[in-house]
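Shown next, in structure tokens, is the structure this report addresses.
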Amino acid sequence: MTHEVRAVVARQKGAPVSVETVLVPDPGPGEALVRVQACGVCPTDLHYREGGITGEFPFLLGHEAAGVVESVGEGVTEVAPGDFVVLNWRALCGGRCRACRNGKPWYCFDTRNAGRPMTLADGTPLSPALGIGAFAEKTLVAAGQCTMVNPTASPAAAALLGCGVTAGFGAAVNTGGVGRGDSIAVIGCGGVGMAAIAGAKVAGAARIIAVDVDERKLRWAETFGATDTVDSSRTDAVEAIRRLTGGFGADVVVDAVGRPETYKQAFYARDLAGTAVLVGAPTRELTVELPLLEVFGRGGALKSSWYGDCLPSRDFPALIDLYLQGRFDLAGFVSEKIALDEVESAFAKIHRGEVLRSVVVL
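When we follow my numbering, the leftmost residue of the sequence shown carries the number 11, and every step to the right adds one.
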């Protein structure tokens, strides 16, 4: 059986997206059909539309999603129809690759997505964003991309765990290892950076420094737990971070922007033997140059955080529990709720820095 659904499609580079009829097949072996309830509008979807990820147009956009499993294919045991799930980028191999065998499944080298294509009405195959494609009434994923969470959670809030919130929270907590009494600086206070700030607060950091060029975002950062703010359009961010940490630099500095200049700020703003974490996604042409003697002499660690070193089966339910306990303001990331045909206008709001997340609610 094929399901006709409304979905947001990017047909060509830089062109406005459109809401079109998309054909979604029933799940095959190891797959699940999910009725999407909510999906966040992430800057990565805009990068897909702009050709910044791949050139495999047309794209079925949307990847920060929560919904209900409608049906499953042969051999699926992870989830069942009726389960409330948050979707993640990739199903883990389950122990076949060396990362999983070595006890680091968040680095799984043999991940998978659904094998059966979703198509336009004329049969043209679509490339689903991050293997999900959830700006749609229904989507087809590998069953391992579905993580069950507490069904009492708001779908609009839960959906955001699928990408930006988990990436930021995990960059601070999983990758950076920030803990009780530590200092952390977060450069870039969009959705990912704000989640790093919120994660540091949950972890018990004593000083949480938010850095941005937008005064509005710095005010938002205070609501998520920032103890100090730095407007880097007016003052040197590295000097300000050092001044706020007794002249030493922060224990952890998170670059949630992903540009050479912000990465250098993160490198120099950390304490000796401190940790710099890159979680902001750079574009392909960007490079960074650092004095090798400084890299050697300062010690510490320079880390990349891919998906916040997240393990969905571990982290999604835990973060939902923190949210339901009132300890993590997941709903605070939802700036507005919109319809499918408002995604293009939501992209414009991302450009203008007006939202943390617009969330499509179906």
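Cβ coordinates follow ideal geometry from the N, Cα and C atoms, glycine included.
What are the start and end residues of the alpha helix (DSSP H) that includes residue 260? Taken as a continuous stretch (DSSP letters only), residue 260 belongs to no alpha helix (DSSP H), being part of the beta strand (DSSP E) at 260-265.
From 151, 267 and 94, residue whose alpha carbon lies closest to that of residue 292: 267
So residue 177 and residue 317 are supposed to be a Cβ contact under 8 Å. How far apart are they, rounded? 6 Å
Go ahead and pull the three-state DSSP assignment for residue 269. coil
In or out: residue 132 buried (at least 16 other Cβ within 10 Å) or exposed? exposed
Separation of residue 11 from residue 34, as counted between CA atoms: 9 Å
Bridge partners for residue 33 per DSSP, in chain order? 14 and 129
For the structure I just gave you, are there three or more beta carbon pairs, one from the region 78-88 and one from the region 54-66, closer than 8 Å? no
By Cβ distance, which residues of its chain are closer than 7 Å to residue 39, with the 5 residues on each side in sequence left out? 83, 84 and 85
Would you kindly work out how many angstroms separate the C-alpha atoms of residue 51 and residue 159, rounded to a whole number? 21 Å
Does the region 120-129 touch the region 142-151, meaning 3 or more C-beta pairs lie closer than 8 Å? yes
How would you label residue 214, buried or exposed, when you count the other beta carbons within 10 angstroms and need 16 or more for buried? exposed
Rounded straight-line distance, which links the Cα of residue 220 to that of residue 360: 19 Å
Where do the N-terminal and C-terminal ends of the alpha helix (DSSP H) with residue 355 fall, by residue? 353-362
Closest to residue 44 by CA distance: which of 96, 66, 18 and 53 is it? 96
Identity of the residues DSSP links to residue 158 by a beta bridge: 95
Does DSSP classify residue 313 as helix, strand or coil? strand
Quick check on residue 24: buried or exposed, where buried means 16 or more other Cβ atoms within 10 Å of its Cβ? exposed
Residue 49 - partner residues in DSSP beta bridges: 75 and 370
Three-way DSSP call (helix, strand, coil) for residue 138 in this model: strand
Look up residue 81 in the DSSP assignment and give the residues it is bridged to. 43
State whether the region 171-188 contacts the region 280-295, with contact taken as three or more CB pairs (one from each stretch) at a distance under 8 Å. yes
Which residue comes first and which comes last in the beta strand (DSSP E) that contains residue 150? 148-152
Looking at residue 16 and residue 146, is the spacing between their C-beta atoms short of 9 Å? yes
Does the separation of the CB atoms of residue 98 and residue 156 fall below 9 Å? yes
Measure the Cβ-Cβ separation of residue 165 and residue 47 and say whether it is below 9 Å. yes
At a cut of 8 Å, does the region 226-233 reach the region 248-263 through at least three beta carbon pairs? no
The beta strand (DSSP E) enclosing residue 346, as first and last residue numbers: 344-348
Classify residue 306 as buried or exposed, calling it buried when 16 or more other Cβ atoms lie within 10 Å of its own Cβ. exposed
Identify which residue in 174, 194 and 55 has its Cα closest to the Cα of residue 344. 174
Just to confirm my understanding: we take residue 243, look at its own chain, exclude 5 residues before and 5 after, and list those with CB closer than 6 Å. What are they? 223
DSSP state of residue 242, grouped into three classes? coil
Keeping to the same chain, check which residues put their C-beta closer than 6 Å to that of residue 191; ignore five residues upstream and five downstream. 216
For residue 36, tell me which candidate among 14, 237 and 208 has the shortest Cα-Cα distance. 14
Taking the Cβ atom as the reference point for each residue, do residue 143 and residue 71 lie within a distance shorter than 9 Å? yes
Below 9 Å between beta carbons: does that hold for residue 392 and residue 351? Outside the displayed span of the chain (11 to 372) sits residue 392, for which this structure offers no information.
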